[in-house]
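Working notes for the structure below.
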Amino acid sequence: MLPPDATPEQEQVLRRALGMDRSLIEQYGVYLINLLQLDLGVSLRYDEPTFRLILERMPATIQLAGAAMIFSLIVAIPADIIAAIKRGSLIEKAIMSFVVLVQSVPVFWVGMVMVLLFAVNLKLFPTGGIGGFNHLLLPAVALGTHLLALVTRLLRSSLIDALSSDYVRTARSKGLPSRVVIAKHAFRNCLLPIVTIVGLEIGALLGGSVVTETVFAWPGVGQLLIQSIYNRDYPLVQGAIIILAGIFVLVNLLVDICYVFIDPRIQYK
6 MLPPDATPEQ EQVLRRALGM DRSLIEQYGV YLINLLQLDL GVSLRYDEPT FRLILERMPA
66 TIQLAGAAMI FSLIVAIPAD IIAAIKRGSL IEKAIMSFVV LVQSVPVFWV GMVMVLLFAV
126 NLKLFPTGGI GGFNHLLLPA VALGTHLLAL VTRLLRSSLI DALSSDYVRT ARSKGLPSRV
186 VIAKHAFRNC LLPIVTIVGL EIGALLGGSV VTETVFAWPG VGQLLIQSIY NRDYPLVQGA
246 IIILAGIFVL VNLLVDICYV FIDPRIQYK
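If you want our numbering, it's the position in the sequence shown, counting the first as 1, plus 5.
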C-alpha cells in the first residue's frame, strides 16, 4: 500500500488511518459495528464507499446469474423428461453424454470458446460488454452450463425413480395421458431436489461470475473483484466477498422456506 521507500512517519499515518494502532479486540468491535451499518470501508483506489461501489455493480451480476439459471432450467427440464421417457434409447445416451462433457469443461474455457466461435469468427454476438439480449446470451450460457449438467443428472435420476413408483403406475392405470402423469404426478415430486441443488449452486453461479464477467467484460461485481485484487484494493475485495457470501446465505434461507410450500409434509418447529 506504500512504496518501498516510505518513511516511518508515512507508515504511522497509514496505520492510524486504518485503525491498526488500536488493539485487535477494539479493531474487531469497530469492524462489527460498521458491518451492521453496511459500512464496509472506503476503496483505496476510488476513494469512495465500498458498499456503494459494489451496489452499483450488483444489478449486472444478478442479471447474469438469473439469466444463467433460467437458461439451465429451460434446457435441463425438457431434456430430462425426454431422457426419462426414452430410457435406454440413443436419445438418452446422447443427452447424458453431452451432460458429462459439459460438466467436465471449466466455465472459463467454455466462455473463451464461445467468444472465439460466435463473436470473433461468426460475428453473431458482441465480444463483451453489457447491453441488450445479444450481450447477455453468451455469458449466461457459459455460466449456466455447469448448473445445467447438475440439474440434468439429478432430475433424470429422480424422474426415473418417480416413473417406476406405485402412484405413477396407478395414474397410468386410470388412463391418464402420459403428459399429465409426468407433469402432475412424477415431475411435481421431483421439484424438491431441483430447488435444493439450485439453492446450493447459487454460490457456484456467483463464484463463476467472477471468471465469466472477466472473459466477457461484463461490468458486474465479479469483474470489480478481479480489478480490486490487481489494484490491491483490500477493502473492496473484502466487501465484495462478504456481500456475495451474504447473498448465498439469504438464497439458501429462502430455499428452506420454499420447502414448506413445495412439500406440505415438511414442518418447521
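Every residue gets a Cβ at the ideal spot worked out from N, C-alpha and C, and that includes glycine.
Report, in whole angstroms, the separation of the C-beta atoms of residue i and residue j, which I expect to be a contact under 8 Å.
i: Ile165; j: Arg50; result: So it is not a contact: roughly 53 Å between Cβ atoms.
i: Gly278; j: Pro240; result: Limits of the chain in this structure are 6 at one end and 274 at the other, which puts residue 278 out of reach.
i: His151; j: Ala209; result: 6 Å
To the nearest angstrom, how far is the alpha carbon of residue i from that of residue j?
i: His190; j: Tyr172; result: 8 Å
i: Met119; j: Ala147; result: 8 Å
i: Ala84; j: Ile90; result: 10 Å
i: Tyr36; j: Asp44; result: 9 Å
i: Ala124; j: Gly213; result: 21 Å
i: Asn236; j: Asp10; result: 19 Å
i: Asn39; j: Gly116; result: 38 Å
i: Ala176; j: Ser77; result: 29 Å
i: Phe253; j: Thr12; result: 43 Å
i: Glu16; j: Pro8; result: 10 Å
i: Val215; j: Ala65; result: 12 Å
i: Asp238; j: Val110; result: 31 Å
i: Leu129; j: Leu122; result: 9 Å
i: Ile86; j: Gly24; result: 58 Å
i: Ala99; j: Trp114; result: 22 Å
i: Arg161; j: Leu41; result: 43 Å
i: Val256; j: Ile67; result: 12 Å
i: Leu29; j: Ile79; result: 50 Å
i: Leu127; j: Ser169; result: 46 Å
i: Ala22; j: Glu14; result: 12 Å
i: Phe138; j: Pro144; result: 11 Å
i: Phe192; j: Ser94; result: 20 Å
i: Arg174; j: Gly227; result: 48 Å
i: Met63; j: Gln32; result: 28 Å
i: Leu258; j: Val18; result: 43 Å
Report the residue from the options whose alpha carbon sits nearest the alpha carbon of residue i.
i: Glu206; options: Lys98, Leu40, Leu159; result: Leu159
i: Pro224; options: Gly208, Gly133, Val185, Val18; result: Gly133
i: Ala250; options: Thr219, Leu211, Ile267; result: Leu211
i: Ser233; options: Asp52, Ala88, Phe130; result: Asp52
i: Ile75; options: Leu19, Leu29, Leu141, Asn126; result: Leu141
i: Gly149; options: Leu258, Ile252, Ala81, Pro198; result: Ala81
i: Leu230; options: Asp26, Thr55, His151, Met25; result: Thr55
i: Pro198; options: Ala167, Pro13, Gly227; result: Ala167
i: Phe266; options: Leu129, Asn194, Glu218; result: Asn194
i: Thr217; options: Val254, Val112, Leu121; result: Val112
i: Gly136; options: Ser170, Ala222, Asn257; result: Ala222
Which same chain residues, not among the five before or five after residue i, have their C-beta less than 6 Å away from its C-beta?
i: Pro131; result: His140
i: Asp26; result: Arg20
i: Leu196; result: Ile267
i: Ala88; result: Glu97, Ile100, Arg161
Leaving out five residues on either side along the sequence, give the residues of the same chain with a beta carbon under 7 Å from the beta carbon of residue i.
i: Val220; result: Phe113, Gly116, Met117, Val120
i: Val107; result: Thr150, Leu153, Ala154
i: Ser48; result: Thr55, Leu58, Asp238, Pro240, Leu241
i: Ser163; result: Cys195, Pro198
Take residue i and list the residues in its own chain whose beta-carbon comes closer than 8 Å to its own, dropping the five residues that flank it on each side.
i: Val185; result: Ala176
Should residue i be flagged as near chain D, meaning a C-beta pair shorter than 8 Å?
i: Ala22; result: Checking the listed chains, one finds no chain D in this structure; it contains a single protein chain.
- Query: Contact between the region 184 to 202 and the region 153 to 170: three or more CB pairs below 8 Å?
  - Reply: Counting Cβ pairs under 8 Å, three or more are found: they touch.
At least 3 beta-carbon pairs within less than 8 Å: the region 171 to 188 vs the region 98 to 116:
Because the criterion of three Cβ pairs below 8 Å is not met, the region 171 to 188 and the region 98 to 116 do not touch.
Legend entry - Cβ pair count under 8 Å reaching 3, the region 66 to 85 against the region 255 to 264: These segments do not touch.
Please determine if the region 55 to 63 and the region 241 to 255 are in contact, where contact requires at least 3 C-beta pairs separated by less than 8 Å. Here the region 55 to 63 makes contact with the region 241 to 255; the two share three or more CB pairs at distances below 8 Å.
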